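Here's the structure we're looking at; comments come further down.
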Amino acid sequence: MARTSPVLLLLSLLYIACEARSPTAASYRASNFIKTSCSATKYPALCVQSLAAFATSVQQSPRQLAQTALSVSLARAQSTQAFVSKMKKFKGLKKREYEAIKDCIEEISDSVDRLSKSVQELKHMGQAKGEDFLWHVSNVETWVSAALTDENTCVDGFAGRAMDGKIKASIRAGVMNVAQVTSNALSLVNQFGSKQ
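Everything in the sequence shown is counted per this note's numbering, starting at 3 for the first residue and increasing by one.
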């Protein structure tokens with residue numbers, strides 16, 4: 003029976019330890035963390051798709067994941083706000099379409115404001131603990147919930163057959179995407195809040 007050399011054993015262990023710390027292994031763990039966290043959201047595939055690019059900055063931090071999810075939601079809300087604002091300038095809009103777009107712009111603007119407050123609140127909460135931590139998380143949860151309501155209210159403004167058409171479909175698709183990303187962000191904020 004052959005004996006393993008202590009030097010060979012030491013080199014093998016050193017190689018394994020280096021491999022475990024390699025960027026590839028860290029990236030793999032971060033990606034798995036995102037997938038696992040997203041599995042508890044309402045739209046898990048969208049959650050992973052929208053956050054996977056941020057795996058290296060998220061690492062395995064529930065706080066950083068919640069912060070990133072809120073930032074992604076804010077960016078999409080801002081983009082949708084600009085898109086819906088452009089739709090208002092279309093020629094030949096029916097009065098009801100124009101009013102629905104105008105109301106939607108207001109709702110999305112409120113959503114952007116609330117998501118922006120949420121991003122800032124989470125950023126500035128520092129290492130809060132206990133009641134302070136719960137207060138900050140509660141603020142974020144309230145604002146994100148309100149932003150989600152704003153987004154859904156925008157979509158509701160296009161209800162009914164009188165509003166069928168490309169404008170309704172375009173706005174609805176954009177706003178629904180924002181609402182789904184916001185729903186996922188709220189879920190990840192709730193996960194973060196419950197782990198402290």
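Here a beta-carbon is modelled for each residue, glycine too, at the ideal position from N, C-alpha and C. Remember, predicted model here, so these are calculated numbers, not experimental data.
1) Cα separation between H138 and G176?
2) Out of D115, T38, E109, which one is the CA nearest neighbour of N154?
3) Evaluate S24 with the Cβ neighbour count: other Cβ atoms within 10 Å of its Cβ, from every protein chain shown; 16 or more gives buried, anything less gives exposed.
4) How far does the alpha helix (DSSP H) with Y100 in it reach, from first residue to last?
5) Can you tell which of T184, K170, R65 has its C-alpha closest to the C-alpha of K96?
6) Rounded to whole angstroms, what is the Cα-Cα separation between V142 and K104?
7) What span of residues does the alpha helix (DSSP H) with R174 cover, start to end?
8) Under 7 Å Cβ to Cβ from Y45, same chain only, skipping five residues before and after it: list those, please.
9) Name the residue from K197, V180, M89 whose alpha carbon lies nearest to the alpha carbon of A71.
10) Would you give the residue range spanned by the alpha helix (DSSP H) that G162 belongs to?
11) Quick one: Cα of F92 to Cα of M127, how far?
12) For F85, which of Q69, C106, R65, A68 has the nearest alpha-carbon?
13) From the DSSP output, in three-state form, read off Q62 for me.
14) Grab the span of the alpha helix (DSSP H) containing F135 for me, first residue to last.
15) Going along the chain, which unbroken runs of the alpha helix (DSSP H) with 4 or more residues stay wholly within the segment 40 to 90?
16) How is K93 classed by DSSP in three states: helix, strand or coil?
Looking at the coordinates:
1) For the purposes of this step, residue 138 is taken as residue 136 along the sequence shown, with counting starting at 1. For the purposes of this step, residue 176 is taken as residue 174 along the sequence shown, with counting starting at 1. So the alpha carbons of these two residues sit roughly 29 Å apart.
2) Start at 1 with the first residue of the sequence shown, and residue 154 comes out as number 152. Here the closest residue by C-alpha is E109.
3) The residue you call residue 24 lines up with position 22 of the sequence shown. Note that S24 has pLDDT 49, beneath the 50 cutoff, so the model's placement of it is unreliable and no number is given.
4) As a position in the sequence shown, residue 100 is number 98, starting the count at 1. Y100 -> alpha helix (DSSP H) spans 97 to 126.
5) Sequence index remark: in the sequence shown, residue 96 carries index 94 (1-based). Among T184, K170, R65, the Cα nearest to that of K96 belongs to K170.
6) For this step, residue 142 is matched to residue 140 along the sequence shown. For this step, residue 104 is matched to residue 102 along the sequence shown. Cα to Cα, V142 sits roughly 27 Å from K104.
7) Counted from its first residue, the sequence shown places residue 174 at position 172. Looking at the DSSP string, the run of the alpha helix (DSSP H) that includes R174 is 168 to 196.
8) Your numbering for residue 45 matches position 43 in the sequence shown. Taken in chain order, the residues that qualify are Q182, S185, N186.
9) Here residue 71 is taken as the residue at index 69 of the sequence shown, counted from 1. The shortest Cα separation from A71 among K197, V180, M89 belongs to V180.
10) Within the sequence shown, the letter at position 160 stands for residue 162. Looking at the DSSP string, G162 is not in any alpha helix (DSSP H), and its letter there is neither H nor E.
11) Position 90 of the sequence shown, counted from the first residue, corresponds to residue 92. Position 125 of the sequence shown, counted from the first residue, corresponds to residue 127. Each residue's alpha carbon lies about 43 Å from the other.
12) As a first step, residue 85 is located in the sequence shown; it is residue number 83 there, counting from the start. For the residues Q69, C106, R65, A68, the minimum Cα distance to F85 belongs to C106.
13) Mapped onto the sequence shown, residue 62 falls at position 60. It is coil, neither helix nor strand.
14) Position 133 of the sequence shown, counting from 1, holds the residue named residue 135. Where F135 is concerned, the enclosing alpha helix (DSSP H) stretches over 132 to 158.
15) 46 to 53, 57 to 60, 64 to 89
16) Within the sequence shown, numbered from 1, the residue matching residue 93 stands at position 91. Coil at K93, not helix or strand.
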